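In the numbering used here, the protein residues as written are 1 to 313.
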């Protein structure tokens, strides 16, 4: 296997254990990036028919129903919205690639002149079109016909790591971006705190999984975006799962049943008779979680990396 950025084929091994599926995650030292051979021959077929059956945010009640996915995840996009907020403009158009069931879209689609989506899962695409009245294409990016139209803003969150060739994907994105346009990108960070800080052995088999063909770092993203002709304007290190989710992993060596508690602001429902104490303790939990995430971000040990970038002139 060759590195998709530098072409090097002398790669070491990061993991031979995956969450779902079989395969070996290789590591390019020059690019500081993990790589995995795609598990699919046809991306459209895989993400439309297979992906949602295998990967879910609710381990207790796995579901591929778009409405359930929307309810579970739509409340957890504060960081993304806060970054994009400064670009709200009713004169600009917006393309979101991999818009899932509209979890991010619901917060921002009315802030632009036109909002368009791409989603390979046809059930999710139909759900979005019915619920929001937003046009959603169901083909891969290079097969979508936008009739010559280009976009002021293009976003893809937790998508780039799924592509078989991220350099080509970014080239296709650039063709659709207006001269002064910007892109918003989020990917999982290879330097995830549970993987590198907490030393939770079982997390390795959870973090690496068959649908992620790339495992990016700051260095890898800098090299990739430069090679694709993009200028990174700003890079954010974002920690979505809270301190108590990480502690749960540490003490139980396993994930929580669903994503809600881990993505929410920490809050414990104590006995009603101790309302004053409860208030003080939950305040302490909120402050501790905020400080924890700040320390992780300062040391670039977060679950996600978010980038704003523009095409180089």
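We treat Cβ as the ideally placed atom computed from N, Cα and C, and that holds for glycine.
Everything numeric in this text was worked out from a predicted model, so none of it was measured.
Secondary structure of residue i, DSSP reduced to three states
i, result
"residue 16", "coil"
"residue 39", "coil"
"residue 133", "coil"
"residue 219", "helix"
"residue 208", "coil"
"residue 75", "coil"
"residue 306", "strand"
"residue 230", "strand"
"residue 170", "helix"
"residue 87", "helix"
"residue 100", "coil"
"residue 288", "helix"
"residue 22", "coil"
"residue 127", "helix"
"residue 155", "strand"
"residue 214", "strand"
"residue 55", "coil"
"residue 191", "coil"
"residue 69", "helix"
"residue 108", "helix"
"residue 196", "helix"
Own chain partners of residue i with C-beta closer than 7 angstroms, once the 5 adjacent residues on each side are dropped
i, result
"residue 91", "113"
"residue 144", "118, 137"
Integer Cβ distance of residue i from residue j, believed to fall under 8 angstroms
i, j, result
"residue 161", "residue 214", "5 angstroms"
"residue 238", "residue 266", "Incorrect: roughly 17 angstroms between the Cβ atoms, too far for contact."
"residue 155", "residue 184", "4 angstroms"
"residue 230", "residue 281", "That pair is no contact at about 45 angstroms."
"residue 121", "residue 52", "6 angstroms"
"residue 152", "residue 178", "5 angstroms"
Contact check, residue i vs residue j, beta carbons under 8 angstroms
i, j, result
"residue 83", "residue 308", "yes"
"residue 32", "residue 163", "no"
"residue 166", "residue 303", "no"
"residue 260", "residue 95", "no"
"residue 271", "residue 262", "no"
"residue 203", "residue 80", "no"
"residue 311", "residue 174", "yes"
"residue 70", "residue 102", "yes"
"residue 241", "residue 306", "no"
"residue 291", "residue 5", "no"
Spatial neighbours of residue i in its chain, beta-carbon cut-off 8 angstroms, leaving aside the 5 residues before and after
i, result
"residue 205", "15, 17, 18, 19"
"residue 25", "13, 14, 15, 16, 18, 34, 35, 36, 208, 215"
"residue 27", "11, 12, 13, 14, 33, 34, 35"
"residue 22", "210"
Residues that residue i bridges to, as DSSP identifies them
i, result
"residue 259", "According to DSSP, which records beta bridges pairwise, residue 259 is partnered with nothing at all."
"residue 314", "Not covered by the structure: residue 314. The range shown for the chain is 1 to 313."
"residue 93", "114"
"residue 177", "151"
"residue 184", "155, 308"
"residue 238", "304"
"residue 28", "33"
Chain-order list of residues whose beta-carbon lies under 6 angstroms from that of residue i (same chain, five-residue window excluded)
i, result
"residue 99", "105, 117, 119"
"residue 135", "116"
"residue 278", "270"
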